[in-house]
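Asks: Can you read through this structure? Questions will come right after.
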Amino acid sequence: MKELNLLYMYPDMLELYGDIGNIKVLQYRMRKRGLILNIDTYSIEDKAPDFYSYDIIFAGGGADNEQSILSKDLIKYKSFLKEAIDNGVFFLLICGAYQLFGKYYKGVDNNIIPGLEIFDYYTEAIPDRSKRCIGNIVIDVNLGDFTTKVIGFENHGGQTYNISSPFGKVLFGNGNKFGDTQEGFFLKNVIATYLHGPLLSKNPDLADYILHYCLKRKYNEEFELTKLDDTFENKCREQLLDRFLNIC
Ligand code: GLN
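Note that this note's numbering numbers the sequence shown so that position 57 is 64, with each residue one more than the last.
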């Protein structure tokens, strides 16, 4: 039976707005197809994980305080994480984790939280604490073989600059900064995004893109994922798209 292994990093510190739901959605969609998703976790003081042995690495959002506590621990693993990315392991990084894979995060008090510097982008918070990009968001995403409207919820003070390859084009909401046209950062095997939601519960096509990528990489086979009945998910999407974009 085909299996995938997922590492959930810092579940006790990076888990805002139900980010763990992304893992549950991946596991549910695997199970429905008779496939298995094994989940391990890593947090500060745990034994160092063998990053390279995982198919998917996930980390969620977190407030500035948590980011500053765990940044030093995360940076210990820079070369291993970089190697895993270069070798095609899939990374799904939400909000606070997205920021930490860039150069740095500058908080409201000008305090610098160092990032992994694996990617060239950097994030600076708006000095006025009350100014945050908060609300629903819809972006247009090109996933190679198809495009899809990805729906989520953003809540970040950080404004991210110097993005070489965005995840999506903003149709509704803010994106990487106030009034931006771009959202997130995307490589074939890295999705770094401000979209909570949980992201994958509102975007089953995106969940399947990740699963298809990982299964194809691991088992080195051309195959189609069995289609699941997403009637309820799609009804929900239609309503949300209608509400935010006035289209179905
Ligand atoms: N602390 C970061 C910010 O406000 C990240 C918040 C989050 O992960 N939602 O920009």
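Even glycine gets a Cβ: it sits at the ideal position worked out from N, Cα and C.
Counting along the chain, where does the beta strand (DSSP E) carrying Asn162 start and finish?
Replies: Taking the sequence shown and counting its residues from 1, one reaches residue 162 at position 155. First-last of the beta strand (DSSP E) with Asn162: 154 to 163.
Asks: On the premise that Leu21 lies in contact with Ala55, defined as a C-beta separation below 8 Å, what is that separation, rounded to the nearest angstrom?
Replies: Taking the sequence shown and counting its residues from 1, the one referred to as residue 55 is at position 48. Taking the sequence shown and counting its residues from 1, the one referred to as residue 21 is at position 14. Not confirmed; about 18 Å, so no contact.
Asks: What residues are listed by DSSP as bridge partners for Phe193?
Replies: Position 186 of the sequence shown, counted from the start, is the residue given in the question as residue 193. Paired residue(s): Ile198.
Asks: What residue does the alpha helix (DSSP H) around Phe239 start on, and which one ends it?
Replies: The residue labelled residue 239 in the question sits at position 232 within the sequence shown. Element bounds for Phe239: 238 to 252.
Asks: Run the CB neighbour count on Gln166, radius 10 Å, all protein chains shown included, and call it buried at 16 or more, exposed below.
Replies: Within the sequence shown, residue 166 is the residue found at index 159, counting from 1. With 16 or more other Cβ atoms within 10 Å, it is buried.
Asks: Do the stretch 205 to 213 and the stretch 167 to 184 make contact, defined as three or more Cβ pairs closer than 8 Å?
Replies: The stretch 205 to 213, when compared against the stretch 167 to 184, does not touch it at the 8 Å Cβ threshold.
Asks: Please classify Thr238 as buried or exposed, where buried requires at least 16 other C-beta atoms within 10 Å of its C-beta.
Replies: To locate residue 238, count along the sequence shown from 1; it is residue 231. Looking at its Cβ environment, which holds fewer than 16 other Cβ atoms inside 10 Å, Thr238 is exposed.
Asks: Run through DSSP, which three-state label would Lys225 get?
Replies: Along the sequence shown, one-based indexing puts residue 225 at 218. Here Lys225 sits in helix by DSSP.
Asks: What are the partner residues of Ala70, as DSSP defines its beta bridges?
Replies: The residue labelled residue 70 in the question sits at position 63 within the sequence shown. According to DSSP, Ala70 bridges with nothing at all.
Asks: Below 8 Å on the Cβ atoms is my contact criterion, and I expect Gly41 with Asn196 to pass it. Report the Cβ-Cβ distance as a whole number of Å.
Replies: In the sequence shown, counting from the first residue as 1, residue 41 sits at position 34. In the sequence shown, counting from the first residue as 1, residue 196 sits at position 189. That belief does not hold up - the Cβ atoms of Gly41 and Asn196 are roughly 25 Å apart, past 8 Å.
Asks: Exposed or buried, Leu202, counting other C-beta atoms within 10 Å across all chains shown (16 or more means buried)?
Replies: Here residue 202 refers to the residue found at position 195 of the sequence shown. Buried is the call here.
Asks: With hydrogens ignored, establish whether the beta-carbon of Arg40 is closer than 8 Å to any heavy atom of ligand 1.
Replies: In the sequence shown, residue 40 corresponds to position 33, counting from 1. Outside the cutoff, so no.
Asks: What separation, rounded to the nearest whole angstrom, lies between the Cα atoms of Ile64 and Leu14?
Replies: Taking the sequence shown and counting its residues from 1, one reaches residue 64 at position 57. Taking the sequence shown and counting its residues from 1, one reaches residue 14 at position 7. For Ile64 and Leu14, the distance between alpha carbons rounds to 5 Å.
Asks: Determine, using beta-carbon pairs with one atom in the stretch 119 to 126 and one in the stretch 66 to 85, whether at least three such pairs fall under 8 Å.
Replies: At 8 Å Cβ cutoff, the stretches touch.
Asks: So for Lys259, helix, strand or coil by DSSP?
Replies: With the chain represented from 8 up to 255, any question about residue 259 goes unanswered, as that position is not in the structure.
Asks: Note down, in chain order, each residue of its chain lying with its Cβ closer than 6 Å to the Cβ of Asp71, except the 5 sequence neighbours on either side.
Replies: As a working mapping, residue 71 is identified with position 64 in the sequence shown. Contacts found: Gly114.
Asks: Taking 8 Å as the cut-off, does the CB of Asn162 come closer than this to any heavy atom belonging to ligand 1?
Replies: Here residue 162 refers to the residue found at position 155 when the sequence shown is read from its first residue. Yes, since a heavy atom of ligand 1 falls inside the 8 Å radius drawn around the Cβ of Asn162.
Asks: For Ile119, I'd like the list of residues in its chain whose CB is within less than 7 Å of its CB, leaving aside the five on either flank, ordered along the chain.
Replies: Position 112 of the sequence shown, counting from 1, holds the residue named residue 119. Tyr111, Lys113, listed in sequence order.
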